[in-house]
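S.K.: The opening position of the sequence shown corresponds to residue 343 in our numbering, with each subsequent residue numbered one higher. Glycine included, C-beta positions come from ideal geometry on N, C-alpha and C. Got a structure for you, questions after.
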Amino acid sequence: MDYQVPGLGVFMEKTFVMLKPDAIKKGLAGEVISRLEKAHLKIVGMKMVQLTDEICREHYAHHVNKPFFQGLVKFMCSSPIICMVIEGENAVEKVRELAGPTDSKKASKGTIRGDFGTDVQANIIHASDSRETAEVEIGRFFKKDEIFHY
Ligand code: IDP
Ligand code: MG
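Rendered as structure tokens:
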């Protein structure tokens, strides 16, 4: 939702998106970005990053004790990823909807994961699950001056 701070103008909601190694290796970055843009979402930050064990432990803290965690880290570090800050009305919910559910096999056609993902691990895109998470995740990957206002 947009919100207005008197004297400071309108601030649009921001969310954090990653194009995971399967998206990069399959050459699907443009396709996925295009879907975000067509949904009237705006890129306000973008960079390519090589994840490490340490960043994965932070970013996927909710999964560190799961049996699939080591496999997830290996997958997430198997190529650079593209990180983005995406802005727009209802951006958090909108990107989650465009992405579809975690398991690509259960995701409907027409969603990013349903159309391009392989399974529950290799699912093309990460998108923050709440406004609070988005703030933390954006702060993990972007400095203030790497996020643009235009
Ligand atoms: P989300 O990406 O839809 O928010 P989370 O539960 O936060 O889903 O999981 C983060 C990521 O961890 C998933 O996108 C996926 O890559 C991986 N993951 C989640 N559950 C499993 C699993 O059961 N097996 C393997 N990887 C998983
Ligand atoms: Mg999640």
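(1) May I ask you to list the residues that DSSP assigns as paired with Cys398?
(2) I want to know whether the region 406-414 touches the region 373-386 - three or more CB-CB distances under 8 Å.
(3) Which full runs of the alpha helix (DSSP H) of 4+ residues lie inside the region 365-420, going along the chain?
(4) Based on the DSSP output, what are the partners of His468 in its beta bridges?
(5) What do you get for Phe285, buried or exposed, if any count of 16 or more other CB atoms within 10 angstroms of its CB means buried?
(6) Take Ala357 as the anchor and find which of Ala476, Tyr492 and Gly481 has the nearest alpha-carbon.
(7) List the endpoints of the continuous beta strand (DSSP E) containing Glu429.
(8) Can you give me the Cβ contacts of Ser420 inside the same chain, cut-off strictly under 7 Å, excluding the 5 residues immediately before and after it?
(9) When the Cα of Ile467 is compared with those of Arg455, Met354 and Asp461, which residue comes out closest?
(10) Is it buried or exposed for Val391, if we count other Cβ within 10 angstroms and need 16 for buried?
(11) Near Val406, which residues of its chain fall below 8 Å by C-beta distance, leaving aside the five closest residues on each side in sequence?
(12) Around the C-beta of His382, are 16 or more other C-beta atoms found within 10 angstroms, so that it is buried, or is it exposed?
(13) Can you determine whether any heavy atom of ligand 1 sits closer than 7 Å to the C-beta of Phe410, and answer yes or no?
(14) Gly471: beta carbon under 7 Å from a heavy atom of ligand 2?
(15) For Lys436, name the three-state secondary structure that DSSP assigns.
M.R.: Reading off the structure:
(1) Answer by DSSP bridge pairing: none, since Cys398 is not bridged.
(2) no
(3) List check, alpha helix (DSSP H) in window: 371-380, 395-401 and 411-418.
(4) DSSP, once it has assigned bridges, lists Met360 as partnering His468.
(5) Look at the range of the chain in this structure, 343 to 492, and you will see that residue 285 is not part of it.
(6) Reading the sequence as shown, one finds Thr at residue 357 and not Ala. Considering only alpha carbons, the answer is Ala476.
(7) Ile423 to Gly430
(8) Pro363
(9) Arg455
(10) So Val391 ends up on the exposed side.
(11) Arg399
(12) exposed
(13) yes
(14) The sequence given here has Asp at residue 471, not Gly. Correct: Asp471 has its Cβ closer than 7 Å to ligand 2.
(15) helix
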